[in-house]
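**Student:**
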Amino acid sequence: MAGWMWLRCVLGPHLQRIHRSPDQTRPDARAGRRQGWSYQPRSLEKHTDSILSWVSLWSLSYYSSPLLLCYLYRKGRLYELGLSKLVPVSQYVGTVLVCLLGVACLRGWGRWKNSEYLQFISILEETKRNHTPANKKKLRSSTFIFHWKLSKTGVSLLKPEPRLRGAADSVLNSVRTLPCHIISFLIAHTFGRRMLYPGSVGLLQKAMRPMLQQGQARLIEEFDGQRNKLVACDGNEIDTMFVDRRKDEGQNGQTLVICCEGNAGFYEVGCMNTPLEGGYSVLGWNHPGFGGSTGVPFPQNEANAMDVVIQFAMHKLGFKLSDIVVYAWSIGGYPASWAAMSYPEIQSIVLDASFDDLLPLALKVMPDSWTHSEVADNYHDTFSSSRYQGPVLLIRRTRDEIITTMGPEDVMSNRGNDLLLKLLQFRYPKIMTDEGIRVIRQWLGASNHLEEASVYSGYEVDDDWCVSVLQSYQADRDVLFPWSVGEDMTLEGRRQLALFLARKYMRNFETTHCTPLPASEFHSPWRLKKENDGWMRGK
Numbered sequence: 001m002a003g004w005m006w007l008r009c010v011l012g013p014h015l016q017r018i019h020r021s022p023d024q025t026r027p028d029a030r031a032g033r034r035q036g037w038s039y040q041p042r043s044l045e046k047h048t049d050s051i052l053s054w055v056s057l058w059s060l061s062y063y064s065s066p067l068l069l070c071y072l073y074r075k076g077r078l079y080e081l082g083l084s085k086l087v088p089v090s091q092y093v094g095t096v097l098v099c100l101l102g103v104a105c106l107r108g109w110g111r112w113k114n115s116e117y118l119q120f121i122s123i124l125e126e127t128k129r130n131h132t133p134a135n136k137k138k139l140r141s142s143t144f145i146f147h148w149k150l151s152k153t154g155v156s157l158l159k160p161e162p163r164l165r166g167a168a169d170s171v172l173n174s175v176r177t178l179p180c181h182i183i184s185f186l187i188a189h190t191f192g193r194r195m196l197y198p199g200s201v202g203l204l205q206k207a208m209r210p211m212l213q214q215g216q217a218r219l220i221e222e223f224d225g226q227r228n229k230l231v232a233c234d235g236n237e238i239d240t241m242f243v244d245r246r247k248d249e250g251q252n253g254q255t256l257v258i259c260c261e262g263n264a265g266f267y268e269v270g271c272m273n274t275p276l277e278g279g280y281s282v283l284g285w286n287h288p289g290f291g292g293s294t295g296v297p298f299p300q301n302e303a304n305a306m307d308v309v310i311q312f313a314m315h316k317l318g319f320k321l322s323d324i325v326v327y328a329w330s331i332g333g334y335p336a337s338w339a340a341m342s343y344p345e346i347q348s349i350v351l352d353a354s355f356d357d358l359l360p361l362a363l364k365v366m367p368d369s370w371t372h373s374e375v376a377d378n379y380h381d382t383f384s385s386s387r388y389q390g391p392v393l394l395i396r397r398t399r400d401e402i403i404t405t406m407g408p409e410d411v412m413s414n415r416g417n418d419l420l421l422k423l424l425q426f427r428y429p430k431i432m433t434d435e436g437i438r439v440i441r442q443w444l445g446a447s448n449h450l451e452e453a454s455v456y457s458g459y460e461v462d463d464d465w466c467v468s469v470l471q472s473y474q475a476d477r478d479v480l481f482p483w484s485v486g487e488d489m490t491l492e493g494r495r496q497l498a499l500f501l502a503r504k505y506m507r508n509f510e511t512t513h514c515t516p517l518p519a520s521e522f523h524s525p526w527r528l529k530k531e532n533d534g535w536m537r538g539k
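First residue of the sequence shown: 1, per the UniProt record's numbering; consecutive thereafter.
1. Quick one: using the 10 Å Cβ neighbour count with 16 as the cut-off for buried, is Ala207 buried or exposed?
2. Report the CB separation of Phe355 from Leu361 in whole angstroms; it is logged as a contact under 8 Å.
3. Which value, in whole angstroms, describes the spacing of the CA atoms of Asp352 and Glu222?
4. In chain order, what residues of the same chain have a beta carbon less than 7 Å from the beta carbon of Tyr267, not counting five sequence neighbours either side?
5. Using a 10 Å radius around the Cβ and a threshold of 16 neighbouring Cβ atoms, would you call Asp462 buried or exposed?
6. How should Phe383 be labelled, buried or exposed, when 16 other C-beta atoms within 10 angstroms of its C-beta is the threshold for buried?
7. Could you check the C-alpha separation between Asp28 and Gln474 for me, to the nearest Å?
8. Closest to Glu345 by CA distance: which of Thr405, Gly390, Ala217, Lys128 is it?
9. By a C-beta neighbour count over all protein chains shown, 10 Å radius and 16 as the cutoff for buried, is Trp465 buried or exposed?
10. May I have the straight-line CA-CA distance separating Thr274 from Met314, to the nearest angstrom?
11. If you run the structure through DSSP and keep just helix, strand and coil, what is Cys260?
12. For the beta strand (DSSP E) containing Thr240, list its first residue and its last residue.
13. In the DSSP assignment, the beta strand (DSSP E) including Trp526 goes from what residue to what residue?
14. Distance, Cα to Cα, Gly32 vs Pro518?
15. Which complete alpha helix (DSSP H) runs does the region 430–478 hold, if anything under 4 residues is left out?
16. Specify whether the region 514–529 and the region 409–422 touch according to this definition: at least 3 beta carbon pairs, one from each stretch, less than 8 Å apart.
17. Please state whether DSSP places Val211 in a helix, a strand or coil.
18. Pull up the DSSP beta-bridge partners for Lys320, would you.
19. Locate the alpha helix (DSSP H) running through Trp6, then write down its first and last residues.
20. Who are the Cβ neighbours of Leu497 in its own chain at under 7 Å, not counting the five residues just before and after it?
21. Use the C-beta contact count for Thr48: other C-beta atoms within 10 angstroms, 16 or more gives buried, fewer gives exposed.
22. To the nearest angstrom, report how far apart Thr405 and Leu11 are at their CA atoms.
23. Count the CB pairs spanning the region 243–253 and the region 195–202 that are closer than 8 Å, and state whether there are at least three.
24. Helix or strand or just coil, what does DSSP make of Gln226?
25. Do Thr512 and Glu401 have their C-beta atoms within less than 8 Å of each other?
26. Tell me the rounded alpha-carbon separation between Glu521 and Phe509.
27. Ser337: buried (16+ other C-beta within 10 angstroms of its C-beta) or exposed?
28. CA-CA distance, His380 and Val296?
29. Going by the DSSP bridge assignment, what does Phe509 pair with across the sheet?
30. CA-CA distance, Asn114 and Lys149?
31. Are the CB atoms of Asn6 and Ile18 nearer to each other than 8 Å?
32. Less than 7 Å between C-beta atoms, sequence neighbours within five positions excluded: which residues of the same chain meet that for Gly279?
33. With distances taken Cα to Cα, identify the nearest neighbour of Asp323 among Gly333, Pro429, Leu256.
34. Note down the Cα distance separating Tyr388 from Arg111, rounded to an integer number of angstroms.
35. Under the assumption that Leu420 contacts Ala305 (Cβ atoms under 8 Å), give the Cβ distance between them as a whole number of angstroms.
36. Quick one: is Asp488 buried, meaning 16 or more other Cβ sit within 10 Å of its Cβ, or exposed?
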């Protein structure tokens, strides 16, 4: 038995923090708050763990290998590195593996001598044998997670609109462009993915680990958060955190806000805090390869992760789709859009600092020689929320330095503008004529609320009239988008409706890309009510 426990200490998971159970009290604990402490490994475990964690840096050489090969090729050094001149490395690899095995055994010995870890591993083994609520309650006192598996076989990926192809797209053209596609694949699957999702880089996660652990402890101890790992259909484990507010006073707690983070965001310190401050029930999750999630954040993996999160919210947490709001920040708009397309019954989506297309932003930092490789276009197509029928709110950061193609001073280069225009052009094509687009662009050019109000009042927009026109159209037809409202309308009427709709679908927030969104700026999207029920603004 002792030998088995020592082996479990060698192969066991990392213990990060000890949480007190809700029914336990502590003299220095504040009322209503669970106090805990970080797990303190002994020196032997601490040093051996550091050695094993730094071994992961070998991946830097693997993912930078295309750059190294290109450099050696241009310098004519590849021929100098013939196989006959390479030093055999198999014996060195074997020696390194034996050394690492020895380090792992020493770490297990250090854990064996630590009473806190030994108690944790004993509870873990007991829970595996008897999965009772009492054992689960004991295990939740540690920073450990329970798994929930999705019984689905796979999900479809959100595809971009098909492009018209001419005679040039022949078999010969496909053969001619094959090298470009191969290069695109290599770039996207090596350093390209890390440039797009820096949060998946191990070095960044190692540097942020103390901050992430502190944020996770706050969610568990202050908000009674429940951490779970969801097994997606591709086998990736998605790290999640759920805060239940349904028993609190107020209506917001009955709504679940699922948060989709940006390319360097983690639920521990990300946009999950905004709906939390607003009193909502919240479910946060990390992209594949981020934090406690496994895998890599490729588009299909992102869709699979989003799918298992929604399935978990419905079947395990007990929320209806009509009670779920998807809130996304930055590139998190991709899985949010996939969710809206795949689960159209969800209540609404809120896209904060999001954009319509990745390629124009990628070209800002990619070399000119890569512009024809279609790296971002082929392997990281962004979202299109135009085909979603439900309520949408876009939040534009007026000093955004990330999703602007010409810099934060040029608010017209913000790709959120294009997202709004595409959305309105799909839903209201008869209103979004050239003149409608022109007045909306004029409104989008305003960098503060005073300038917005000036443009809006300059066209003498009558909100009540706009609402009555839309309600009349909805009452007569009650059809899905796109609507033909505005088809037989004067130019002045279409201008008013265009500006009215733009202001309902988009709100400006005068700040930069990474500034946390205050709870006061988190609103429910505007929804047109039927004529006999009136209409509702976003809260």
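The beta carbon of each residue, even a glycine, is placed where N, CA and C say it ideally should be.
**Tutor:** Well, looking at it:
1. For the purposes of this step, residue 207 is identified with residue 207 of the sequence shown, where counting begins at 1. Around the beta-carbon of Ala207, fewer than 16 other beta-carbon atoms lie within 10 Å, marking it exposed.
2. Here residue 355 is taken as the residue at index 355 of the sequence shown, counted from 1. Here residue 361 is taken as the residue at index 361 of the sequence shown, counted from 1. Confirmed, Cβ separation roughly 7 Å.
3. Locating residue 352 in the sequence shown gives position 352, where the first residue counts as 1. Locating residue 222 in the sequence shown gives position 222, where the first residue counts as 1. Looking at the two C-alpha atoms, the distance is approximately 26 Å.
4. Counting from one through the sequence shown, the residue named residue 267 turns up at place 267. Same-chain partners within the cutoff: Met241, Cys259, Glu261, Gly284, Trp285, Asn286.
5. Taking the first residue of the sequence shown as 1, we reach residue 462 at position 462. Exposure of Asp462 is indicated by the presence of fewer than 16 other C-beta atoms within 10 angstroms of its C-beta.
6. By 1-based counting over the sequence shown, the position of residue 383 is 383. The predicted model places Phe383 with a pLDDT of 49, which falls under 50 and marks its position as unreliable, so this point remains unresolved.
7. Stepping through the sequence shown from its first residue, residue 28 is reached at position 28. Stepping through the sequence shown from its first residue, residue 474 is reached at position 474. With a pLDDT of only 44 at Asp28, under the threshold of 50, the placement of this residue in the model should not be trusted; the figure read from the coordinates follows. Cα to Cα, Asp28 sits roughly 59 Å from Gln474.
8. Numbered from its first residue, the sequence shown carries residue 345 at position 345. Looking at the Cα atoms, Gly390 is the closest of the given residues.
9. Counting from 1 along the sequence shown, the entry for residue 465 is found at position 465. Classification for Trp465: exposed.
10. Against the sequence shown, residue 274 aligns to sequence position 274. Against the sequence shown, residue 314 aligns to sequence position 314. Distance between the alpha carbons of Thr274 and Met314: 22 Å.
11. Position 260 of the sequence shown, counting from 1, holds the residue named residue 260. For Cys260, the secondary structure class from DSSP, reduced to helix, strand or coil, is strand.
12. Mapped onto the sequence shown, residue 240 falls at position 240. That run of the beta strand (DSSP E) goes 237–243.
13. For the purposes of this step, residue 526 is identified with residue 526 of the sequence shown, where counting begins at 1. In the DSSP annotation of this structure, Trp526 is not part of any beta strand (DSSP E), being labelled neither H nor E.
14. What you label residue 32 is simply residue 32 of the sequence shown in a count that begins at 1. What you label residue 518 is simply residue 518 of the sequence shown in a count that begins at 1. No answer about Gly32 holds up, because its pLDDT of 47 lies below 50 and its placement is not dependable.
15. Taken in chain order, the whole alpha helix (DSSP H) runs of length 4 or more contained in the region 430–478 are 434–444, 449–458, 463–477.
16. No, they do not touch.
17. Position 211 of the sequence shown, counted from the start, is the residue given in the question as residue 211. For clarity, residue 211 is Met in the given sequence; the question names Val instead. Here Met211 sits in helix by DSSP.
18. Position 320 of the sequence shown, counted from the first residue, corresponds to residue 320. Beta-bridge pairing links Lys320 to no other residue.
19. Along the sequence shown, read from residue 1 onward, the residue named residue 6 stands at position 6. Its alpha helix (DSSP H) spans residues 2–11.
20. In the sequence shown, the residue the question calls residue 497 occupies position 497. Excluding positions up to five away in sequence, the list reads Ile431, Cys466, Val469, Gly486.
21. Locating residue 48 in the sequence shown gives position 48, counting from the first residue. Under this definition Thr48 is a buried residue.
22. Against the sequence shown, residue 405 aligns to sequence position 405. Against the sequence shown, residue 11 aligns to sequence position 11. Taking the straight line joining both Cα atoms gives about 48 Å.
23. Taking a contact to require three or more Cβ pairs closer than 8 Å, the region 243–253 and the region 195–202 do not qualify as touching.
24. In the sequence shown, counting from the first residue as 1, residue 226 sits at position 226. In the structure shown, Gln226 sits in a strand (DSSP, three-state: E or B).
25. Reading the sequence shown from its first residue, position 512 is the one you call residue 512. Reading the sequence shown from its first residue, position 401 is the one you call residue 401. Against a cut-off of 8 Å, the Cβ pair of Glu401 and Thr512 comes out as a contact.
26. Here residue 521 refers to the residue found at position 521 of the sequence shown. Here residue 509 refers to the residue found at position 509 of the sequence shown. Glu521 and Phe509 have their C-alpha atoms spaced approximately 8 Å apart.
27. Start at 1 with the first residue of the sequence shown, and residue 337 comes out as number 337. Classification of Ser337: buried, given that the 10 Å Cβ count is 16 or more.
28. Within the sequence shown, residue 380 is the residue found at index 380, counting from 1. Within the sequence shown, residue 296 is the residue found at index 296, counting from 1. Note on His380: pLDDT 47, under 50, position unreliable in the model; no value is reported.
29. Reading the sequence shown from its first residue, position 509 is the one you call residue 509. Phe509 pairs with Arg397.
30. As a first step, residue 114 must be located in the sequence shown, where it is residue number 114. As a first step, residue 149 must be located in the sequence shown, where it is residue number 149. Cα-Cα distance, rounded: 32 Å.
31. Within the sequence shown, the letter at position 6 stands for residue 6. Within the sequence shown, the letter at position 18 stands for residue 18. A small correction: the amino acid at residue 6 is Trp; Asn does not occupy that position in the sequence shown. Against a cut-off of 8 Å, the Cβ pair of Ile18 and Trp6 comes out as no contact.
32. Numbered from 1 along the sequence shown, position 279 holds the residue referred to as residue 279. Excluding residues within five positions, the ones whose Cβ falls inside 7 Å are Arg245, Asp248, Gly250, Asn252, Gly253.
33. What you label residue 323 is simply residue 323 of the sequence shown in a count that begins at 1. When each option's Cα is compared against that of Asp323, the closest is Leu256.
34. Translated into positions along the sequence shown, residue 388 becomes position 388. Translated into positions along the sequence shown, residue 111 becomes position 111. Looking at the two C-alpha atoms, the distance is approximately 52 Å.
35. The residue given as residue 420 occupies position 420 in the sequence shown. The residue given as residue 305 occupies position 305 in the sequence shown. About 27 Å separates the beta carbon of Leu420 from that of Ala305, a gap too long to meet the 8 Å contact definition.
36. As a first step, residue 488 must be located in the sequence shown, where it is residue number 488. Asp488 is exposed by the Cβ-count criterion.
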